[in-house]
Amino acid sequence: MKNTNMNRRTFLKVTTVAGGGLLVGCSFSSPNSFSSSNEKDGDLGLFVRIKNNDQIQIISPNSELGQGIHTAHAMIICEEMEADWKKVSVTTGSYHPEYKKNMFVQSTGGSNGVSAWKQKLSEIGAGIKEMLIEAGAEQMRVPKKDCIALNSFVIHKPSKNSVRFGQIAKNASKLSFPNSPTLKNSSEYKLVGKSIFRVDVPQKVNGKALFAGDIKLPGMMYAQVAQSPVFGGDLKSFDKKSALKSPGVKAVIPIPNGIAVVADTTWHAIKGLEALKPTFGGGINEILSSKTIDKSFNEALNSIKESSKDNMVLDVEYSMPFLSHAAIESTNCTANVTSNSCEIWVPTQSQSICFDKILEITGLSEENITIHTPYVGGGFGRRIEVDEVVHAVMISKEMNKPVQVLWSREEDIQHDHYHSGSKARYQIKLDAKGLPKQWDNQVVKPDFMAQNYKILDALNFNPFNYLFTPNDSFIPGMIGLQKSPYNIDNVSFDYTNVDPGVPIGAWRSVFIGNAFYIESAIDEVAHFAKQEPLEYRKKLIGDNPRILKILDLLAKQSNWSKPLPPGHGKGIALFHELDAVTAQVATVSVSPKGKLKILKIDCVLDLGNYVNPSIVKSQIEGGIVMGISSALKENIIFEKGKVSQSNFDDYKIAKMKDIPEIEINLIESDADAKGVDMGVFPVAPSITNAIFAATGKRIRHLPIGKQRLV
Amino acid sequence: MAELMINGKVQQVNVEEDTPLLWAIRDSIGLTGTKYGCGIQQCGACTVLIGKRPVRSCGITVGEVAGKDITTIEGLSPDSRHPVQLAWVEEQVPQCGYCQSGQIMAAVSLLERKPNPTDQEIDRGMLNLCRCGTYPRIRKAIHHASELMKEVS
Numbered sequence: 004m005k006n007t008n009m010n011r012r013t014f015l016k017v018t019t020v021a022g023g024g025l026l027v028g029c030s031f032s033s034p035n036s037f038s039s040s041n042e043k044d045g046d047l048g049l050f051v052r053i054k055n056n057d058q059i060q061i062i063s064p065n066s067e068l069g070q071g072i073h074t075a076h077a078m079i080i081c082e083e084m085e086a087d088w089k090k091v092s093v094t095t096g097s098y099h100p101e102y103k104k105n106m107f108v109q110s111t112g113g114s115n116g117v118s119a120w121k122q123k124l125s126e127i128g129a130g131i132k133e134m135l136i137e138a139g140a141e142q143m144r145v146p147k148k149d150c151i152a153l154n155s156f157v158i159h160k161p162s163k164n165s166v167r168f169g170q171i172a173k174n175a176s177k178l179s180f181p182n183s184p185t186l187k188n189s190s191e192y193k194l195v196g197k198s199i200f201r202v203d204v205p206q207k208v209n210g211k212a213l214f215a216g217d218i219k220l221p222g223m224m225y226a227q228v229a230q231s232p233v234f235g236g237d238l239k240s241f242d243k244k245s246a247l248k249s250p251g252v253k254a255v256i257p258i259p260n261g262i263a264v265v266a267d268t269t270w271h272a273i274k275g276l277e278a279l280k281p282t283f284g285g286g287i288n289e290i291l292s293s294k295t296i297d298k299s300f301n302e303a304l305n306s307i308k309e310s311s312k313d314n315m316v317l318d319v320e321y322s323m324p325f326l327s328h329a330a331i332e333s334t335n336c337t338a339n340v341t342s343n344s345c346e347i348w349v350p351t352q353s354q355s356i357c358f359d360k361i362l363e364i365t366g367l368s369e370e371n372i373t374i375h376t377p378y379v380g381g382g383f384g385r386r387i388e389v390d391e392v393v394h395a396v397m398i399s400k401e402m403n404k405p406v407q408v409l410w411s412r413e414e415d416i417q418h419d420h421y422h423s424g425s426k427a428r429y430q431i432k433l434d435a436k437g438l439p440k441q442w443d444n445q446v447v448k449p450d451f452m453a454q455n456y457k458i459l460d461a462l463n464f465n466p467f468n469y470l471f472t473p474n475d476s477f478i479p480g481m482i483g484l485q486k487s488p489y490n491i492d493n494v495s496f497d498y499t500n501v502d503p504g505v506p507i508g509a510w511r512s513v514f515i516g517n518a519f520y521i522e523s524a525i526d527e528v529a530h531f532a533k534q535e536p537l538e539y540r541k542k543l544i545g546d547n548p549r550i551l552k553i554l555d556l557l558a559k560q561s562n563w564s565k566p567l568p569p570g571h572g573k574g575i576a577l578f579h580e581l582d583a584v585t586a587q588v589a590t591v592s593v594s595p596k597g598k599l600k601i602l603k604i605d606c607v608l609d610l611g612n613y614v615n616p617s618i619v620k621s622q623i624e625g626g627i628v629m630g631i632s633s634a635l636k637e638n639i640i641f642e643k644g645k646v647s648q649s650n651f652d653d654y655k656i657a658k659m660k661d662i663p664e665i666e667i668n669l670i671e672s673d674a675d676a677k678g679v680d681m682g683v684f685p686v687a688p689s690i691t692n693a694i695f696a697a698t699g700k701r702i703r704h705l706p707i708g709k710q711r712l713v
Numbered sequence: 222m223a224e225l226m227i228n229g230k231v232q233q234v235n236v237e238e239d240t241p242l243l244w245a246i247r248d249s250i251g252l253t254g255t256k257y258g259c260g261i262q263q264c265g266a267c268t269v270l271i272g273k274r275p276v277r278s279c280g281i282t283v284g285e286v287a288g289k290d291i292t293t294i295e296g297l298s299p300d301s302r303h304p305v306q307l308a309w310v311e312e313q314v315p316q317c318g319y320c321q322s323g324q325i326m327a328a329v330s331l332l333e334r335k336p337n338p339t340d341q342e343i344d345r346g347m348l349n350l351c352r353c354g355t356y357p358r359i360r361k362a363i364h365h366a367s368e369l370m371k372e373v374s
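Here the protein sequences line up with chains A and B, keeping their order. The opening position of the first sequence corresponds to residue 4 in our numbering, with each subsequent residue numbered one higher. The opening position of the second sequence corresponds to residue 222 in our numbering, with each subsequent residue numbered one higher.
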């Protein structure tokens, strides 16, 4: 048993629900508008609700994007509460200041849904259990020291009498939340650490899972939008008369950067937008293209350092393309704005950013803004952005009616906040033993944080861009990053930011470029030094038992040393971030005509401890699939100031046939649970390193696409 | 006005005949398990069955399917116990879940045609997109469902 000390500033508040039952909410001590008098049965902004009928509702601070966080949070709370797992349901909370975790925002991202919340949710579960035991003991008129909680009952051990949680929730709700609830030791866990089924799956196999676009409100209108395809362009003309004549069209409303048609059904809005025939012109970026962006990258790199002309030096350049998120759920938001309230339903990863935007547009007082986050049809970083929230809130405000805004897939692909392309150069000189004597590396990578926060742009510094570079040890500990596993002296790393002039943002696992660049470079150096790539890495890693263990297990799992037929190859890559480590081996074949087939991906990871290993594996698997997809085929092209692609016919993502057998082995360690997006990082370099092993052809520019492999 | 036969029920929908089936199902009938993903029959999120054939409902109009037997995810079974649904739960396939109605409908139809599909046949038959990357588990679940169907028959 571990004693805890609840942080006094965030003591929990307990309330009785109308009609009985118990709510555990959060501190309302801060002078915000969510005062206790406003609490209603329907209010969220809480963590746990126990109803009279024993049903337990968990309110998660995080959005369920598919990563399984609802299940993980419920497992953590129910473990300590001794709740009956079969009676549990989970929703995402509306915006609430208390949900702002260590990152100052209420958001879901950065692979920290478990690590940021495990301690607090455990304390909440344990505290509720203690209150229920006290109320149960009182009801049975027995000493509480003789009572335990089990399976949603409080049981008096000597007599075996019991009361249901639901029967005593109301009385428990009148007690105050314990200051130091006692937590279980992990050895006593019954749920946490087990691969139990997800809470959301039953609704996701019968069509009942509710997504934001499934919301239907009385009197709701449907809107379609057209934004300038050229970045920064303006609306030039539109045929309002024809649009209004189109069946079911109610209004034509300007929005930032474009125009919207509002109608009585989605299809009528689509037809209305067709009739509207909006045209756009201008845009400061009309001259922008993938070529001009590449040119700006080269100029930036040249300004840092001239390439070496020394024959003794490995002198190479790599690049990564721009990528779209392409979640299958297209961008959407439903809003109901009245004169004194605003309610939205949105697939968001950041209730905070939605909230701030709504405040800005409506000027409403904080307590009258509600943000619902039903299931999100894939986040991948795109849902941190809120363009669609702006549209829905503005249009609903103008219409004075609930409005559902759905972006067509074309709008979604052409108005994404793209994963930025980037470029890296290396000049590496070896000593007599073939180890790096001098390691020079220059990277140009447009920084989405700098696009949003000008201070980073002005400083030309974002610590994340230094991730995994051999000299990243100077990064302040504040963001908890680990040093690169490679011990290399004489490193010179230069990073520069360039604003590409197109919207960029976070994309699943975010800094995948860092993995592709360094793991390609290490592989090339090993070859340059005529050494075996896995052994070479181990030499550079030196004494690091955690990483060496992973590499040894991976070598065994992937039959690393087993000879392969001609045209076959294995490639290895690893990555270390957020105190999580992953390594992968790709096994590929390349036919004499150059046709690539990925035969298998082996993956070994150490992400610390696991709340639900099955969910973690599914996330790693998903990351590997997305990594294969982007490595093989994804590439957003800019031409004449706009994105060339517009739908899944020209922005191709992986299908079933592209995905080989994937074998994942999770190693458990003492580190905090985090990093379920770690699957993506090593995928591209393990594949390109395998292609090199199979053919001698080095792929330095992604995607692999139609590049000649033989 | 058109008459649609959906999940064994006759439904009157007050839409023009050129309305894609997808929007009639979602907006008019209110069955929201069938999803919009691309509007051009590429992603498969809107897959329904017409007879036993998988059809991308964004690319077929209400006029074209009037009177035909249409099944959406909601009509696949009364209790979510169709072998494909059971296998989907057993293998814990869904992540975000958005594409899964379409994936399940495509799998049901594949198993009609190929009761015992090989991996290669699954690759050829399952063309729906999933961005979360559930393909490996879908593959497993289809094999699992195939076994369950044999037990039933």
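Even glycine gets a Cβ: it sits at the ideal position worked out from N, Cα and C. Computed from a predicted structure; not experimentally measured.
Problem - Three-state secondary structure assigned by DSSP to Ile291(B) - result: Here residue 291(B) refers to the residue found at position 70 when the second sequence is read from its first residue. It is a strand residue.
Handout entry: Residue ranges of each beta strand (DSSP E) within the segment 563 to 644 of chain A, 3 or longer
Key = 571 to 580, 583 to 593, 599 to 609
Problem - Sufficient close CB pairs (3 or more, under 8 Å) joining the segment 420 to 427 of chain A to the segment 254 to 265 of chain A - result: no
Problem - Cβ pair Gly254(B), Ile294(B) closer than 8 Å - result: If you number the second sequence from 1, residue 254(B) lands on position 33. If you number the second sequence from 1, residue 294(B) lands on position 73. Cβ atoms of Gly254(B) and Ile294(B): closer than 8 Å.
Practice task
Let me know the secondary structure DSSP gives Val93(A) once reduced to three states.
Solution key: Along the first sequence, read from residue 1 onward, the residue named residue 93(A) stands at position 90. Of the three classes helix, strand and coil, the one that applies to Val93(A) here is strand, per DSSP.
Handout entry: Anticipated Cβ contact below 8 Å, Pro257(A) with Lys274(A), distance rounded
Key = Taking the first sequence and counting its residues from 1, the one referred to as residue 257(A) is at position 254. Taking the first sequence and counting its residues from 1, the one referred to as residue 274(A) is at position 271. So it is not a contact: roughly 20 Å between Cβ atoms.
Practice task
Use the C-beta contact count for Leu332(B): other C-beta atoms within 10 angstroms, 16 or more gives buried, fewer gives exposed.
Solution key: Here residue 332(B) is taken as the residue at index 111 of the second sequence, counted from 1. Label assigned to Leu332(B): buried.
Exercise for the section: Measure how close the beta-carbons of Gly280(B) and Gln306(B) come, nearest whole angstrom, since I'm counting them as under 8 Å. Expected result: Your numbering for residue 280(B) matches position 59 in the second sequence. Your numbering for residue 306(B) matches position 85 in the second sequence. No, Gly280(B) and Gln306(B) are not in contact; Cβ-Cβ is about 25 Å, not under 8 Å.
Problem - DSSP state of Ala266(A) mapped onto helix, strand, coil - result: Position 263 of the first sequence, counting from 1, holds the residue named residue 266(A). Three-state DSSP puts Ala266(A) in a strand.
Practice task
Under the assumption that Asp82(A) contacts Val202(A) (Cβ atoms under 8 Å), give the Cβ distance between them as a whole number of angstroms.
Solution key: As a working note, residue 82(A) is residue 79 in the first sequence. As a working note, residue 202(A) is residue 199 in the first sequence. In the sequence under discussion, the amino acid at residue 82(A) is Glu, which differs from the Asp named in the question. Actually they are not in contact, since the Cβ atoms of Glu82(A) and Val202(A) sit about 14 Å apart, beyond 8 Å.
Problem - Inter-residue Cα distance where the pair is Leu247(A) and Ile398(A) - result: By 1-based counting over the first sequence, the position of residue 247(A) is 244. By 1-based counting over the first sequence, the position of residue 398(A) is 395. If I take the Cα positions, the gap works out to 16 Å.
Practice task
Reducing DSSP to helix, strand and coil, say where Ala223(B) ends up.
Solution key: For this step, residue 223(B) is matched to residue 2 along the second sequence. In the structure shown, Ala223(B) sits in a strand (DSSP, three-state: E or B).
Handout entry: Neighbour-count burial assignment, Ala136(A), 16 or more Cβ in a 10 Å radius
Key = To locate residue 136(A), count along the first sequence from 1; it is residue 133. A quick correction: the sequence has Ile, not Ala, at residue 136(A). When all chains shown are included, Ile136(A) counts as buried.
Handout entry: Cutoff 8 Å: Glu624(A) Cβ touching any chain B Cβ
Key = Translated into the one-based positions of the first sequence, residue 624(A) becomes position 621. Closer than 8 Å to some Cβ of chain B, the Cβ of Glu624(A) qualifies, so yes.
Problem - Counted within 10 angstroms of its Cβ, other Cβ atoms place Gly504(A) as buried (16 or more) or exposed - result: Within the first sequence, the letter at position 501 stands for residue 504(A). Buried: at least 16 other Cβ atoms inside 10 Å.
Practice task
Kindly say whether Ile656(A), judged by its beta-carbon, lies nearer than 8 Å to any beta-carbon of chain B.
Solution key: The residue labelled residue 656(A) in the question sits at position 653 within the first sequence. Cβ-Cβ to chain B under 8 Å: yes for Ile656(A).
Problem - Where Tyr498(A) falls: helix, strand or coil (DSSP) - result: As a position in the first sequence, residue 498(A) is number 495, starting the count at 1. Here Tyr498(A) sits in strand by DSSP.
Problem - Closest residue to Arg352(B) among Ala223(B), Cys264(B), Lys230(B), Tyr257(B) (Cα-Cα distance) - result: Counting from one through the second sequence, the residue named residue 352(B) turns up at place 131. Closest option to Arg352(B), Cα to Cα, is Cys264(B).
Practice task
Confirm, please, whether the CB-CB distance from Ile639(A) to Pro324(A) is below 8 Å.
Solution key: Within the first sequence, residue 324(A) is the residue found at index 321, counting from 1. Within the first sequence, residue 639(A) is the residue found at index 636, counting from 1. Yes, the pair counts as a contact, with Cβ atoms nearer than the cut-off.
Exercise for the section: Go ahead and label Ser367(B) buried or exposed: buried means 16 or more other beta carbons lie within 10 angstroms of its beta carbon, across all protein chains shown. Expected result: For the purposes of this step, residue 367(B) is taken as residue 146 along the second sequence, with counting starting at 1. Buried, since its Cβ has 16 or more Cβ neighbours within 10 Å.
Handout entry: Test: Cys267(B) CB closer than 8 Å to a CB of chain A
Key = Counted from its first residue, the second sequence places residue 267(B) at position 46. It does not: the Cβ of Cys267(B) has no partner Cβ on chain A nearer than 8 Å.
Exercise for the section: Could you tell me whether the Cβ of Arg274(B) comes closer than 8 Å to any Cβ of chain A? Expected result: The residue labelled residue 274(B) in the question sits at position 53 within the second sequence. False, the Cβ-Cβ gap to chain A never drops below 8 Å.
Problem - Residue-level contact to chain A via CB, Ile359(B), 8 Å cutoff - result: What you label residue 359(B) is simply residue 138 of the second sequence in a count that begins at 1. Output row for Ile359(B): interface = yes.
Practice task
Please check if any C-beta of chain B sits within less than 8 Å of the C-beta of Tyr489(A).
Solution key: On the first sequence, residue 489(A) is found 486 positions in, with the first residue counted as 1. It does not; no Cβ of chain B falls within 8 Å.
Practice task
Answer yes or no: does any C-beta atom of chain B fall closer than 8 Å to that of Gly236(A)?
Solution key: As a first step, residue 236(A) must be located in the first sequence, where it is residue number 233. No, Gly236(A) does not count as interfacial toward chain B.
Handout entry: Within 8 Å, strictly: CB atoms of Tyr378(A) and Cys317(B)
Key = Counted from its first residue, the first sequence places residue 378(A) at position 375. Counted from its first residue, the second sequence places residue 317(B) at position 96. Taking 8 Å as the Cβ cut-off, Tyr378(A) and Cys317(B) qualify as a contacting pair.
Practice task
Out of Ser162(A), Leu186(A), Gly626(A), Tyr489(A), point me to the one whose CA is closest to Leu543(A)'s CA.
Solution key: Position 540 of the first sequence, counting from 1, holds the residue named residue 543(A). When each option's Cα is compared against that of Leu543(A), the closest is Tyr489(A).
Handout entry: Cα-Cα separation between Asp267(A) and Asn337(B), rounded to whole angstroms
Key = Taking the first sequence and counting its residues from 1, the one referred to as residue 267(A) is at position 264. Taking the second sequence and counting its residues from 1, the one referred to as residue 337(B) is at position 116. Roughly 45 Å between the two C-alpha positions.
Exercise for the section: Tell whether a beta-carbon distance below 8 Å holds between Ser118(A) and Gly382(A). Expected result: As a working note, residue 118(A) is residue 115 in the first sequence. As a working note, residue 382(A) is residue 379 in the first sequence. No, they are not a contact pair.
Handout entry: First and last residue of the uninterrupted alpha helix (DSSP H) at Ile550(A)
Key = Position 547 of the first sequence, counted from the first residue, corresponds to residue 550(A). Counting along the chain, the alpha helix (DSSP H) containing Ile550(A) begins and ends at 548 to 560.
Handout entry: DSSP bridge partner residues for Asn668(A) (one or two, in chain order)
Key = For the purposes of this step, residue 668(A) is taken as residue 665 along the first sequence, with counting starting at 1. Paired residues: Val607(A).
Handout entry: Buried or exposed by the 16-neighbour rule on C-beta atoms within 10 Å, applied to Pro566(A)
Key = As a working mapping, residue 566(A) is identified with position 563 in the first sequence. Looking at its Cβ environment, which holds fewer than 16 other Cβ atoms inside 10 Å, Pro566(A) is exposed.
Exercise for the section: Count the CB pairs spanning the segment 400 to 413 of chain A and the segment 283 to 293 of chain A that are closer than 8 Å, and state whether there are at least three. Expected result: no
Exercise for the section: To the nearest angstrom, report how far apart Ser333(A) and Glu346(A) are at their CA atoms. Expected result: Walking along the first sequence from the start, residue 333(A) turns up at place 330. Walking along the first sequence from the start, residue 346(A) turns up at place 343. Spanning the two alpha carbons is a distance of roughly 20 Å.
Practice task
Find out if the Cβ-Cβ distance for the pair Leu705(A), Phe519(A) is shorter than 8 Å.
Solution key: Numbered from 1 along the first sequence, position 702 holds the residue referred to as residue 705(A). Numbered from 1 along the first sequence, position 516 holds the residue referred to as residue 519(A). Closer than 8 Å, so yes.
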